[in-house]
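These notes concern the structure reproduced below.
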Amino acid sequence: MAKKQNKSVRKNSASEVKNDLKDNPLYNYGLVILFFVFLILLTSFKITGDDDVFWHLATGRYIVETHHVPSTDIFGFVTEGQEWMPFEWGWDVITYGLYNIGGYNAILIFRTLIFVLIFLLFFLILRKFKVSHTLIFFFLTLLAFGIIDRLTPRPHIMSLLFFVILLYIIIEYRYFKRENYKILFFIPLIFLLWANIHMGIIAGIFLMGVYVLSEILIFLYPAKFSGKEIPSLTKSGLYRLIIIFVISILVMFINPNTYATYIYAYDHTKMKLLETINEWRSPFDEMFGGGFVTTIYKVFLFGGIVILYYAVKTRDLFAALVFISFAVYSVRAVRFTVDYLIIITIFLTVSVSYIITSSKNEGLKRFFTTNPVPKVALEIILLFFIINLPNDKLYMDHLKYYRVSGFGINSDFIPVQMFDFMKENRIPETGQRPLNHFGSGGYLVWNFPGSKNFIDSRNLNDEIFSEYNTLMAMRPGFENKLKSYDIDYSLYLAPDLVRAPAEMQQSIISYYSKHPDEWKLVFWDDKSFLYVKNLPRFEDVIDKYEYKYVTPYNFLYQKNVLENAVKEDPVRLKEEIGRKLSEDPDGLIINSINSTYSNRLK
Numbered sequence: 153m154a155k156k157q158n159k160s161v162r163k164n165s166a167s168e169v170k171n172d173l174k175d176n177p178l179y180n181y182g183l184v185i186l187f188f189v190f191l192i193l194l195t196s197f198k199i200t201g202d203d204d205v206f207w208h209l210a211t212g213r214y215i216v217e218t219h220h221v222p223s224t225d226i227f228g229f230v231t232e233g234q235e236w237m238p239f240e241w242g243w244d245v246i247t248y249g250l251y252n253i254g255g256y257n258a259i260l261i262f263r264t265l266i267f268v269l270i271f272l273l274f275f276l277i278l279r280k281f282k283v284s285h286t287l288i289f290f291f292l293t294l295l296a297f298g299i300i301d302r303l304t305p306r307p308h309i310m311s312l313l314f315f316v317i318l319l320y321i322i323i324e325y326r327y328f329k330r331e332n333y334k335i336l337f338f339i340p341l342i343f344l345l346w347a348n349i350h351m352g353i354i355a356g357i358f359l360m361g362v363y364v365l366s367e368i369l370i371f372l373y374p375a376k377f378s379g380k381e382i383p384s385l386t387k388s389g390l391y392r393l394i395i396i397f398v399i400s401i402l403v404m405f406i407n408p409n410t411y412a413t414y415i416y417a418y419d420h421t422k423m424k425l426l427e428t429i430n431e432w433r434s435p436f437d438e439m440f441g442g443g444f445v446t447t448i449y450k451v452f453l454f455g456g457i458v459i460l461y462y463a464v465k466t467r468d469l470f471a472a473l474v475f476i477s478f479a480v481y482s483v484r485a486v487r488f489t490v491d492y493l494i495i496i497t498i499f500l501t502v503s504v505s506y507i508i509t510s511s512k513n514e515g516l517k518r519f520f521t522t523n524p525v526p527k528v529a530l531e532i533i534l535l536f537f538i539i540n541l542p543n544d545k546l547y548m549d550h551l552k553y554y555r556v557s558g559f560g561i562n563s564d565f566i567p568v569q570m571f572d573f574m575k576e577n578r579i580p581e582t583g584q585r586p587l588n589h590f591g592s593g594g595y596l597v598w599n600f601p602g603s604k605n606f607i608d609s610r611n612l613n614d615e616i617f618s619e620y621n622t623l624m625a626m627r628p629g630f631e632n633k634l635k636s637y638d639i640d641y642s643l644y645l646a647p648d649l650v651r652a653p654a655e656m657q658q659s660i661i662s663y664y665s666k667h668p669d670e671w672k673l674v675f676w677d678d679k680s681f682l683y684v685k686n687l688p689r690f691e692d693v694i695d696k697y698e699y700k701y702v703t704p705y706n707f708l709y710q711k712n713v714l715e716n717a718v719k720e721d722p723v724r725l726k727e728e729i730g731r732k733l734s735e736d737p738d739g740l741i742i743n744s745i746n747s748t749y750s751n752r753l754k
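Under this note's numbering, read the sequence shown as residues 153 to 754, first letter to last.
The following block contains the structure:
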């Protein structure tokens, strides 16, 4: 009896495209190939402004070397010993292993493979519903741009993969092979892995819970929610599903800190400093305006009306509950909108396909199923993206979105040159208590094993973030804090320095620049500064590398220092300009200084 019902489900699927048999496969193959080439290029970009990548690597190294997952902070000299649970430790170990195999490129390739697998699973699921290639790749292309902010090589991408794998299993069992309950046995294994990789598992168990609830309601009210196309489970089948759900919840606690992991993660979301981080703001915050990412999210959100229509027509309670629950979930913060997009794409695409294929307008049906025109149009659009991704024109010119295609680290944003200088001159070994910029703390502990930072993007607590802001913004009492923390060197990262030089006046850079007897600038470029305190242990570095006159701050805000040097110390001034030009021949600031003073120093 069950087999007959399942044949009926497959045969009479509401989204089946009758004209699909007449579809020209060449256009479909073209769409498949071009889309995945586009996806590979879209997910192949350099690490830029993502300090999390580096402290994750440092954590992985620590775990591999010590065979221990820490429960207190091991990276900060101020926060040392405070509670810290690296609940993403599985990702940390994986990426550290990949780094040892092929450096940063291995991690970036792994990232791309994850997204290829995600979108391949989407394609396979949608083809099971007989959705046309035109609709599939239209929605998948929108999805790719909608999640563009979350394509970075961080542990959340594993949550996105687990969402889709979980959906694949649920959909395969619910809509196509009710008799194949053994596929459900993979679900606890997924949650076991998930529990040690990313806290997206909370949304994952919520998704599973929504599915179980839908099956319970269908079982209790079969006349309302079941039919030939979506039959209810048998009592034994429902019990089996509930047991699997309970086991999935239990395996969530198989991690280094069991239930404390989730208490810690929850407390973490209550920190005030998260209010300053964009991804924790509401997607309806006016700061996001009409950006293309927000627009795509809103299209998918309000497009949920189509899902509700489909759910009513087909008695698909699961689709309706998924939309309602994750729509509510997503409006809390921008970071949750990507989860929503990933989870809802299948149901939105199937719903649109259902409406089109149920239409009495044969021309409309043919247009979205067998007509080659929309397919060729999509192929041309994808080809345009493919051509304009490697040269960054798609990002920079068309989307006005800062991203650099390629592999490795974007040294125009990450202070690679400054850290090379620090390695050559053993700055972290000479100093021990740095005041580092928030966006370089992870890079510091990754590059210098055993060194401590002041802060990094792990967001350990509100207190350290407040102390950091007091120091960097020169709030009342900051000088005493510099002394009480015994800061002996300072790193400042300013990627927008050339475009927004006023940052120097508004930050601790101005204080260092006005106290040259106490703080010595030994390295700078168009995006970073390295100051060391005038202490005997830094004497050799200061004697060799101090920039007494040639600094960005002096050039813009203390021109009298440079003017006096022209008159009183031209030899030293010329030497500093020459040294900086030899280190950074393409530097915009040093070339501006050189063009201003070179003729006067001849």
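Ideal Cβ placement from N, Cα and C applies to all residues, glycine included.
Helix or strand or just coil, what does DSSP make of Lys679?
Position 527 of the sequence shown holds residue 679. Reduced to three states, the DSSP call for Lys679 is coil.
Just list the residues that DSSP pairs Lys672 with in beta bridges.
Counted from its first residue, the sequence shown places residue 672 at position 520. Bridge partners of Lys672: Val684.
Could you check whether the stretch 232-241 touches the stretch 274-288, counting it as contact only if at least three pairs of C-beta atoms, one from each stretch, sit closer than 8 Å?
No, they do not touch.
Compute the Euclidean distance between the alpha carbons of Leu183 and Ile323, then round it to the nearest angstrom.
By one-based count along the sequence shown, residue 183 stands at place 31. By one-based count along the sequence shown, residue 323 stands at place 171. Those two C-alpha atoms are separated by around 24 Å.
Applying the criterion that 16 or more other CB atoms from any shown protein chain within 10 Å of the CB defines a buried residue, is Arg518 buried or exposed?
In the sequence shown, counting from the first residue as 1, residue 518 sits at position 366. Within 10 angstroms of the beta-carbon of Arg518 lie fewer than 16 other beta-carbons, which makes it exposed.
Per DSSP, cross-strand counterpart(s) of Glu235:
By 1-based counting over the sequence shown, the position of residue 235 is 83. Answer is Thr224.
Hey, is the stretch 324-341 in contact with the stretch 541-561, meaning 3+ C-beta pairs nearer than 8 Å?
Because the criterion of three Cβ pairs below 8 Å is not met, the stretch 324-341 and the stretch 541-561 do not touch.
Chain-order list of residues whose beta-carbon lies under 7 Å from that of Ser384 (same chain, five-residue window excluded):
Locating residue 384 in the sequence shown gives position 232, where the first residue counts as 1. So the list reads Ile370, Phe371, Pro374 and Ser378, once near-sequence residues are dropped.
Cα-Cα separation between Pro222 and Arg689, rounded to whole angstroms
As a working mapping, residue 222 is identified with position 70 in the sequence shown. As a working mapping, residue 689 is identified with position 537 in the sequence shown. If you draw a straight line from the Cα of Pro222 to the Cα of Arg689, it is about 33 Å long.
Taking DSSP as the reference, what is the three-state secondary structure of Pro374?
Sequence index remark: in the sequence shown, residue 374 carries index 222 (1-based). Of the three classes helix, strand and coil, the one that applies to Pro374 here is helix, per DSSP.
Per DSSP, what are the beta-bridge partners of Ile199 in this structure?
Reading the sequence shown from its first residue, position 47 is the one you call residue 199. The partner list for Ile199 (beta bridge, DSSP) reads Ile561.
Residues bridged to Ser642 by DSSP?
Taking the sequence shown and counting its residues from 1, the one referred to as residue 642 is at position 490. Answer by DSSP bridge pairing, in chain order: Leu587 and Tyr683.
Whose C-beta lies closer than 7 Å to the C-beta of Phe475 among residues of the same chain, with five residues either side of it excluded?
Start at 1 with the first residue of the sequence shown, and residue 475 comes out as number 323. Apart from the 5 residues on each side of it in sequence, Phe475 sits with its Cβ closer than 7 Å to the Cβ of Gly456, Ile459, Leu460, Ile496 and Phe499 in its chain, given in chain order.
For Asn523, name the three-state secondary structure that DSSP assigns.
What you label residue 523 is simply residue 371 of the sequence shown in a count that begins at 1. Looking at Asn523 - three-state DSSP - the assignment turns out to be coil, as it is neither helix nor strand.
Going by the CB atoms, is the gap between Ile694 and Val674 shorter than 8 Å?
For this step, residue 674 is matched to residue 522 along the sequence shown. For this step, residue 694 is matched to residue 542 along the sequence shown. A Cβ-Cβ contact shorter than 8 Å links Val674 with Ile694.
Entirely enclosed alpha helix (DSSP H) segments - the stretch 291-361, minimum 4 residues
Taking only runs of at least 4 residues, the alpha helix (DSSP H) segments lying wholly in the stretch 291-361 are 308-323 and 338-346.
Sorted by chain position, which residues of the same chain lie with C-beta nearer than 8 Å to Gly233's C-beta, five sequence neighbours on each side aside?
Stepping through the sequence shown from its first residue, residue 233 is reached at position 81. Around Gly233: Thr224 and Asp225.
Residue from Leu687, Tyr248, Ile508 and Ser482 with nearest C-alpha to Lys282
As a working note, residue 282 is residue 130 in the sequence shown. Restricting attention to Leu687, Tyr248, Ile508 and Ser482, the CA atom closest to the CA of Lys282 is found in Ile508.
So which of Thr501, Pro305, Phe559 and Met404 has the shortest CA-CA distance to Leu345?
Translated into positions along the sequence shown, residue 345 becomes position 193. Checking every option, the nearest Cα to that of Leu345 belongs to Met404.
Does any residue of chain B bring its CB to less than 8 Å from the CB of Ser563?
In the structure shown, chain B does not exist; there is a single protein chain.
Are the stretch 717-735 and the stretch 679-686 in contact at 8 Å, needing three or more beta carbon pairs?
The answer is no - the stretch 679-686 does not touch the stretch 717-735, with fewer than three Cβ pairs under 8 Å.
Glu631, enclosing alpha helix (DSSP H) - first and last residue:
Locating residue 631 in the sequence shown gives position 479, where the first residue counts as 1. Per DSSP, Glu631 belongs to the alpha helix (DSSP H) from Phe630 to Ser636.
Beta-carbon proximity of Pro653 to Phe565, cut-off 8 Å:
Position 501 of the sequence shown, counting from 1, holds the residue named residue 653. Position 413 of the sequence shown, counting from 1, holds the residue named residue 565. Their beta carbons are not under 8 Å apart, which means Pro653 does not touch Phe565 by this criterion.
Excluding the five sequence neighbours on either side, which residues of its own chain have a C-beta within less than 7 Å of the C-beta of Trp389, listed in chain order?
As a first step, residue 389 must be located in the sequence shown, where it is residue number 237. Per the sequence shown, the amino acid found at residue 389 is Gly instead of Trp. If we look at Gly389 and ignore the five residues flanking it on each side, its Cβ neighbours are Tyr333.
On the DSSP letters alone, give me the boundaries of the alpha helix (DSSP H) that Pro722 sits inside.
For the purposes of this step, residue 722 is taken as residue 570 along the sequence shown, with counting starting at 1. Counting along the chain, the alpha helix (DSSP H) containing Pro722 begins and ends at Pro722 to Glu735.
Cutting at 7 Å between CB atoms, please list the residues of its own chain near Thr180, excluding the five before and the five after it.
Taking the sequence shown and counting its residues from 1, one reaches residue 180 at position 28. Note that residue 180 is Asn in the sequence shown here, rather than Thr. Hits under 7 Å: His285.
Could you check whether Lys732 and Val713 sit closer than 8 Å to each other, using their CB atoms as the reference points?
Looking up residue 713 in the sequence shown gives position 561. Looking up residue 732 in the sequence shown gives position 580. No Cβ-Cβ contact shorter than 8 Å links Val713 with Lys732.
Starting from Asn257, trace the alpha helix (DSSP H) in both directions and tell me its first and last residue.
Taking the first residue of the sequence shown as position 1, residue 257 is located at position 105. Unbroken alpha helix (DSSP H) run through Asn257: Trp241 to Lys280.
Going by DSSP, what residue range makes up the alpha helix (DSSP H) through Pro177?
Along the sequence shown, one-based indexing puts residue 177 at 25. That run of the alpha helix (DSSP H) goes Pro177 to Leu194.
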